[in-house]
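Structure record follows, encoded as C-alpha cells.
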Amino acid sequence: MTEREVRVRFAPSPTGPLHIGGVRTALYNYLLARKLGGKMLLRIEDTDQNRFVPGAENYILEALAWCGIVIDEGVGTGGPHAPYRQSERKPMYKQYADQLIASGHAYYAFDTPEELDAMRARLQAAKVPNPQYNSITRAQMRNSLTLPEDEVKQLLDSGAQYVIRLKVPRKEEVRFQDLIRGWVVVHSSAIDDKVLMKSDGMPTYHLANIVDDHLMEISHVIRGEEWLPSAPLHVLLYRYLGWESTMPQFAHLPLLLKPDGTGKLSKRDGDKLGFPVFPLEWHGIDGETGEPTVSRGYREDGYLPEAFINFLAFLGWNPGSQQEIFSMDELIASFSIERVSKSPARFDQNKVKWYNEHYLRAKSDAELAPYLLTALAEHGIACDQAKAERIVSVMKERVSFPKDFWQEAKYFFQAPDSYDEQVVSKKWNPQVAAALTAYAEALAGTAESTAEGLKALFNQTVEAQGMKPGQVLQTLRVAVTGGAAGPDLFETLAILGTAEVAARLQTAVKTLG
RNA sequence: GGUCCGUUCGUCUAGGGGUUAGGACAGUAGAUUUUCAUUCUACCAACAGGGGUUCGAUUCCCCUACGGACUACCA
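For the first sequence, our numbering gives the first residue as 113, with consecutive numbering after it.
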C-alpha cells in the first residue's frame, strides 16, 4: 500500500465556474502529484443532471490550463480508465450497489419524497434533534428491510421507483487518519443511511466517488473540509466493498473564507465581494431573473497566472522558510501535505495585488510590450515593438496590472487635453511660459535625442532665461503630459521625440497663456 | 439543535515547555527621487478566556467562549 503509485484526482462537478477554493484544491493535488512523481487526474462529477451547467466543463479545463495545472489523465486528456465523466460511467455503478445489497450492507427503499418529508416532520414534532433516515427510523419506512420479501420483489419487478441506501450500523466508531488533521473519529449514529443509487439510476456522489477512486487507483484524496463529515461514510463504503486495504489516504483542506471571515467563499459570491472569486471571467445566467450575468475573473482583471498561483498556494500552506516567491516548479519542490494548515484562511486582496506587482516587474520589457500593443491596437494607434518596450520599461514600476499600461501611458500617444490644475495655479507664470517657449525653440534646432542630452539642453536654456531648472520642471511635465506625476521626465521626452515635445509646449503656452 | 473541525499581529503565517514570539502584506514615519511610483530603513501590531500538568506554559491536557463545515434521491 505504501509502495503504491501516487495518483490524485481533482473531481469538480460542472455546476458552474470553478471558484478559487476549487482552484486551490486542484493546485494542491497537482503539487503533491508532481512532488511525488505521480499522476494528476481530472474527473467530472456530473451525477446530478439537474444541476448541469453548459460550458462549465470547458471553463474548468480552461481555468486549469491558465493556471498551469497540467492534467495527466482524465477529461480532455483521456487515459486508461476512460471515461472520466461520471455520467458516462453510469452503467458501472449499479453492480457495486447490488454487491452491497447482496452482502447485506445496503437495501432498497421505496419511500416517496412526501413520505420522507412526513417522516422528518414527525421526528421534528417529537423533538428529535437530528431527523435522519437511520438504524432507528428505517424500521418505520418502506424498504426491503421492513417489507416482506415477495412484496419487495414485486415492487422491483413492477418498475416502482426506488433508491438504494447504505445500511449504516447503529453503533460503531468509525475512524480514519487524515493527513492534515490526524485521527478523526465519528460515531456511526451520526451518519444516516445515505442514498447510494438515486431513483433515476444515477449513483450519488458518495457511491460514485468511492467506486471511481477505487477503479482509478487513487492513492490520495485531497479535498475541501466540507467533505470531512462524510468521510467516515466513505470509509464504511470502502470497508463494505472489500477495498479497505487499498483505501486512499485522506487530506481535508481548510476552507477559504470570505474576507470578513463569515463563511466559506462560494460561487454565489460572484462579484459581490469587490474582487473576483473566479479564475476566469464567467458568463452565466441569473437563476432567478434569467438575465445573463458576467462575473469577473482574475485573468481578465489583469492578474498574471504565476502571481495568482503563488498567492493561492500560500493560502493554507507555507514552506516553513521565509521565502515568499515561488514559481510552480519551486512550489512542487517544496510542497508537502503535512505543512498544510488546519485552520481556514481569509482571502487577502492586498496580498494578491502585491504578488501581481512583483511578477509584473520581474518580466522583461519584451514580454510586457504586447500588453500595451494590444491595447493600442484596440484604440487604433500604431506603435512598433521597440517603442512599446521603451514605454513599458519606464512604466512597469508604477503599475499593478498589465492593463494599466495603456491608461498610464496614454500621453505617449495623445497630446494632453487638460493640464493638472494644482501645478498650473501654483507654478505657471509668464517667466515659466517664456522659458518653456525658449526650450521648445531649442528643441526644434537640436540633434539631441537622449534623455541626458535633453536634460542638459533644458538646464542650459532655463539658466539662460535667468531661472533655475527646478522652477520650471514641474510645469514642463504638465505641459507635455498634462499630469503632475510620471516616470523620469527626460526619459519621457526622449521617447516622445523633440518635435512632438516642442509642439506640445507651444500648445500649452498658447492655452495657458 | 446534533456531529465534526478550528482559534498566534488588521490579514497570510513561522515557532513551540524557558524566544526581545520571527517573516510577508497592509498601515505609519523617514531616506532616495525634479514629481508620483519604485527601492531602502524604521515603527506599529498577536499567542481567545479559565482551569490544570510543570520549577516554568503561547506551546501539553480539560472546560468555556467564539468561528466554521456538515446535517438532500447536491456535489
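Backbone N, C-alpha and C fix where the C-beta goes; we use that ideal spot for every residue, glycine too. Note that the coordinates shown come from a computational prediction; the quantities given were computed from them, not determined experimentally.
State the DSSP-derived secondary structure class of R458, mapped to helix, strand or coil. Counted from its first residue, the first sequence places residue 458 at position 346. Three-state DSSP puts R458 in a strand.
Under 8 Å Cβ to Cβ from K370, same chain only, skipping five residues before and after it: list those, please. Position 258 of the first sequence holds residue 370. Hits under 8 Å: K376, L377, D381, L385, R458, F459.
Check this for me: beta carbons of L367 and E337, under 7 Å apart or not? What you label residue 367 is simply residue 255 of the first sequence in a count that begins at 1. What you label residue 337 is simply residue 225 of the first sequence in a count that begins at 1. Yes, these two residues count as a Cβ contact at 7 Å.
In terms of residues, what are the limits of the beta strand (DSSP E) holding H628? Only positions 113 to 625 of the chain appear in this structure, which leaves residue 628 out of reach.
With the cut-off set at 7 Å, would you say F222 and L267 are in Cβ contact? Counting from 1 along the first sequence, the entry for residue 222 is found at position 110. Counting from 1 along the first sequence, the entry for residue 267 is found at position 155. Yes, these two residues count as a Cβ contact at 7 Å.
How is the alpha helix (DSSP H) around W178 delimited, first residue to last? Here residue 178 is taken as the residue at index 66 of the first sequence, counted from 1. Segment 168-179, the alpha helix (DSSP H) holding W178.
Please work out which residues of its chain come closer than 6 Å, Cβ to Cβ, to L601, disregarding the five sequence neighbours upstream and downstream, and give them in chain order. As a working note, residue 601 is residue 489 in the first sequence. The answer, listed in chain order, is R589.
Endpoints, alpha helix (DSSP H) assigned at K567: Residue numbering aside, residue 567 sits at position 455 when the first sequence is read from its first letter. Segment 563-576, the alpha helix (DSSP H) holding K567.
Under the three-state DSSP convention, the category N236 falls into: Counted from its first residue, the first sequence places residue 236 at position 124. Strictly speaking, residue 236 in this sequence is Gln, with Asn absent from that position. Residue state, collapsed to three classes: helix.
Through-space distance from L424 to N571, alpha-carbon basis: The residue you call residue 571 lines up with position 459 of the first sequence. The residue you call residue 424 lines up with position 312 of the first sequence. So the alpha carbons of these two residues sit roughly 50 Å apart.
From which residue to which residue does the beta strand (DSSP E) around A194 run? Translated into the one-based positions of the first sequence, residue 194 becomes position 82. Taken as a continuous stretch (DSSP letters only), A194 belongs to no beta strand (DSSP E), as it is neither H nor E.
For I183: DSSP bridge partner residues: By 1-based counting over the first sequence, the position of residue 183 is 71. Bridge partners of I183: none, in fact.
Contact the segment 606-614 vs the segment 559-570: 3+ CB pairs below 8 Å: yes
Comparing alpha-carbon positions, which option in G134, D160, E185, G216 lies nearest C179? Residue numbering aside, residue 179 sits at position 67 when the first sequence is read from its first letter. Among G134, D160, E185, G216, the Cα nearest to that of C179 belongs to G134.
With which residues is M309 paired in a DSSP beta bridge? As a first step, residue 309 must be located in the first sequence, where it is residue number 197. Per DSSP, I276, P315.
Would you say the beta carbon of S448 is closer than 6 Å to some non-hydrogen atom of the ligand ADP? No copy of the ligand ADP appears in this structure; indeed no ligand is present at all.
Considering only C-alpha positions, which residue in the set L228, I493, L353, N162 is nearest to A320? Start at 1 with the first residue of the first sequence, and residue 320 comes out as number 208. Of L228, I493, L353, N162, the residue nearest in Cα terms is L353.
Using 8 Å as the Cβ pair cut-off and three pairs as the minimum, do the segment 491-503 and the segment 436-451 touch? no
Return the residue from the list Y471, D262, H193 that minimises the CA-CA distance to D325. Walking along the first sequence from the start, residue 325 turns up at place 213. Minimum Cα distance to D325 is reached at H193.
Look at the alpha carbon of N541 and the alpha carbon of Y410, and state the distance between them as a whole number of angstroms. By 1-based counting over the first sequence, the position of residue 541 is 429. By 1-based counting over the first sequence, the position of residue 410 is 298. Approximately 47 Å, taken between the alpha carbons.
Per the DSSP calculation, G409 is bridged to which residue(s)? Sequence index remark: in the first sequence, residue 409 carries index 297 (1-based). For G409, which the question treats as bridged, DSSP gives the partners F390.
May I have the straight-line CA-CA distance separating G216 from L278, to the nearest angstrom? Stepping through the first sequence from its first residue, residue 216 is reached at position 104. Stepping through the first sequence from its first residue, residue 278 is reached at position 166. If I take the Cα positions, the gap works out to 9 Å.
Alpha carbon to alpha carbon, how far is D262 from S270? Give it in angstroms, no decimals. On the first sequence, residue 270 is found 158 positions in, with the first residue counted as 1. On the first sequence, residue 262 is found 150 positions in, with the first residue counted as 1. C-alpha separation (whole angstroms): 12 Å.
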